[in-house]
Amino acid sequence: MKKRNTTKKSKQFDELEVYRHLRTNIEYSSVDTKVQIVNVTSSNPGEGKTTTSSNLAIVSANQFSKVLLVDCDMRKPQIHKKFNISNRFGLSNVLAQDDMNIPDTYFQKFKDKKGDGVLYVLPAGIKVPNPLELLSSDKFKEFLAYMRQRFDFIILDCPPILSVSDAIPVSCVCDGTIFVVSAQDTDKKMARTALTQLQRNGAHVIGSVLSKADRTVESYYNYY
């Protein structure tokens, strides 16, 4: 949420406008059920899921009062690098506790002058030997239930589907899953395999985001 210089203003506007449109699509993706928690994943690393999660969280904080971004990739966390914050305390620490009494120091807060909302960021935390077990646990479900009460909108950045299985249990307890596909890197067969795994395990895939698209060829409104 740092202020950009004026030479990048028009480019930044275009990028954020894409994520505003994405946020709106998520909001209206379900008529009967409120989409409060979404997770973002992809087939393989490097396809843009963390960038999508981060930017979606930033623009959402301009609409909602309290937005939470959680790094659920406890094997190769990236969110703390994106926001230049410490990864000393985070999700793994929370899930290791006996209760859901989460200290404020676990969250890093970001406030944009343009809006009234606040973005809370919870990094992955210390490395653990059993990420899949933690994300499949009742403790993680309890964590999400508690976060529902505290935040208006929650985004979970998950590991890629074909690298590890960690995103599968997370997808199954969220209101919707966003699947990121890279125009430059994603293989069609791999994307199809990853989507099949998600759907077979009960994930509610509400849409896909096409990242790394050539905007000199297409309008940025065709980004997703």
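Each residue of the sequence shown is one higher than the one before, counting from 38 in my numbering. Just so it is clear, CB atoms sit at the ideal spot from N, CA and C, and this is done for glycine as well.
Mind checking which residues open and close the alpha helix (DSSP H) that includes K233? What sits at residue 233 in the sequence shown is Thr, not Lys. K225 to R237 is the span of the alpha helix (DSSP H), which, as asked, contains T233.
Collapsed DSSP secondary structure at T61 in the structure displayed: helix
Secondary structure of Q134, DSSP reduced to three states: coil
Which of the three DSSP states is assigned to L247 in this structure? strand
Spatial neighbours of R229 within its chain, please: C-beta separation below 8 Å, excluding the five flanking residues on both sides. none
Taking three-plus beta-carbon pairs below 8 Å as touching, is the region 223–238 in contact with the region 104–113? no
Can you tell me whether P140 is buried or exposed, with buried defined as 16 or more other CB within 10 angstroms of its CB? exposed
Sequence-distant residues of its chain with Cβ nearer than 7 Å to F180 (five each side left out): V131, L132 and M137
Alpha-carbon spacing of L53 relative to I198, whole angstroms: 26 Å
Other residues of its chain near A94: CB distance less than 7 Å, five sequence neighbours each side excluded: V104, L106, L156 and I192
Using the rule of at least 16 other Cβ atoms within 10 Å of the residue's Cβ for burial, across every protein chain shown, is P166 buried or exposed? exposed
Residue nearest to P160 in terms of C-alpha spacing, selected from I215, T87 and A220: T87
Of the residues Y183, A204 and R185, the one placed nearest L172, counting alpha carbons only: A204
Beta carbon of K249, beta carbon of A220: below 8 Å? yes
Is the Cβ-Cβ distance between S97 and I243 less than 8 Å? no
Could you tell me which residues DSSP pairs with I191 in its beta bridges? I74 and L105
Closest to T70 by CA distance: which of I215, D153, H241 and R125 is it? H241
Just to confirm, is the Cβ distance from P74 to D175 under 8 Å? Here residue 74 is Ile; the residue named in the question, Pro, does not match the sequence. No, they are not a contact pair.
Buried versus exposed, by CB contacts within 10 Å (16 or more), N92: buried
Have a look at R187, R57, S200 and F147 and flag the residue whose alpha-carbon is nearest the alpha-carbon of K113. S200
Start and end of the beta strand (DSSP E) containing K148? Q145 to K148
Using the rule of at least 16 other Cβ atoms within 10 Å of the residue's Cβ for burial, across every protein chain shown, is K164 buried or exposed? exposed
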